[in-house]
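Asker: Numbered by this note's numbering, the letters in the sequence shown go through residues 923 to 984 in order.
Here a beta-carbon is modelled for each residue, glycine too, at the ideal position from N, C-alpha and C.
Predicted, not measured: the structure shown is a model, and the values here were computed from it.
My questions all concern the structure below.
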Amino acid sequence: MDARLLEILVCPLCKGPLDYLKDHQELVCKFDRLAFPVRDDVPVLLDEEARALTAEEVDALR
923 MDARLLEILV CPLCKGPLDY LKDHQELVCK FDRLAFPVRD DVPVLLDEEA
973 RALTAEEVDA LR
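Now the structure itself:
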(Lines of atoms letter the chains of each structure in order from A; the text may use other names.)
(Lines give C-alpha, C1' and ligand atoms only; values in the text may rest on other atoms or scores of the structure.)
Protein backbone atom coordinates (compact mmCIF):
# COMPACT_ATOMS: atom_id res chain seq x y z
CA MET A 923 0.00 0.00 0.00
CA ASP A 924 1.38 3.36 -1.01
CA ALA A 925 2.24 5.54 2.01
CA ARG A 926 0.94 8.69 0.28
CA LEU A 927 -2.40 7.02 -0.32
CA LEU A 928 -2.64 6.00 3.33
CA GLU A 929 -2.13 9.63 4.35
CA ILE A 930 -5.25 10.79 2.50
CA LEU A 931 -7.59 7.82 3.04
CA VAL A 932 -10.16 8.20 5.81
CA CYS A 933 -12.99 6.12 7.16
CA PRO A 934 -16.04 6.62 4.94
CA LEU A 935 -18.32 6.70 7.99
CA CYS A 936 -16.61 8.94 10.55
CA LYS A 937 -13.87 10.49 8.36
CA GLY A 938 -11.29 9.37 10.94
CA PRO A 939 -7.82 7.95 10.20
CA LEU A 940 -7.34 4.39 9.03
CA ASP A 941 -4.56 1.98 10.01
CA TYR A 942 -3.25 -0.49 7.45
CA LEU A 943 -2.87 -4.07 8.62
CA LYS A 944 -0.60 -5.59 5.99
CA ASP A 945 -0.89 -9.14 7.37
CA HIS A 946 -4.67 -9.09 6.96
CA GLN A 947 -4.86 -6.77 3.93
CA GLU A 948 -7.30 -4.49 5.77
CA LEU A 949 -7.72 -0.84 6.61
CA VAL A 950 -8.99 -0.44 10.17
CA CYS A 951 -11.02 2.33 11.76
CA LYS A 952 -10.48 2.09 15.52
CA PHE A 953 -13.31 4.52 16.28
CA ASP A 954 -16.00 2.63 14.35
CA ARG A 955 -14.36 -0.75 15.03
CA LEU A 956 -14.50 -1.72 11.37
CA ALA A 957 -12.02 -3.37 9.01
CA PHE A 958 -12.23 -2.57 5.31
CA PRO A 959 -10.68 -5.05 2.86
CA VAL A 960 -7.85 -4.26 0.48
CA ARG A 961 -8.14 -6.35 -2.68
CA ASP A 962 -5.37 -6.34 -5.28
CA ASP A 963 -3.92 -3.21 -3.59
CA VAL A 964 -7.25 -1.39 -3.96
CA PRO A 965 -9.02 -0.28 -0.75
CA VAL A 966 -12.71 -1.24 -0.69
CA LEU A 967 -14.17 1.50 1.51
CA LEU A 968 -17.80 0.46 1.38
CA ASP A 969 -19.61 0.01 4.67
CA GLU A 970 -21.35 -3.12 3.39
CA GLU A 971 -17.93 -4.69 2.68
CA ALA A 972 -16.51 -3.88 6.13
CA ARG A 973 -16.37 -6.40 8.92
CA ALA A 974 -16.87 -5.59 12.57
CA LEU A 975 -13.81 -5.95 14.77
CA THR A 976 -13.99 -8.00 17.95
CA ALA A 977 -13.12 -6.42 21.29
CA GLU A 978 -9.90 -8.46 21.31
CA GLU A 979 -8.88 -7.11 17.89
CA VAL A 980 -9.52 -3.53 18.97
CA ASP A 981 -7.47 -4.04 22.15
CA ALA A 982 -4.61 -5.50 20.11
CA LEU A 983 -4.50 -2.35 17.98
CA ARG A 984 -3.86 -0.08 20.96
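For P959, I'd like the list of residues in its chain whose CB is within less than 7 Å of its CB, leaving aside the five on either flank, ordered along the chain.
Answerer: Contacts found: Q947, E948, V966, E971.
Asker: Shortest alpha-carbon distance to V980 belongs to which of D969, R955, L928, V964?
Answerer: V980 has its Cα closest to that of R955, out of D969, R955, L928, V964.
Asker: Taking DSSP's pairing of strands, which residues face L943 in a bridge?
Answerer: Paired residue(s): E948.
Asker: Closest to F953 by C-alpha separation, out of D924, K937, L927, would be which residue?
Answerer: The shortest Cα separation from F953 among D924, K937, L927 belongs to K937.
Asker: Quick check on V966: does DSSP put it in helix, strand or coil?
Answerer: Coil, per DSSP.
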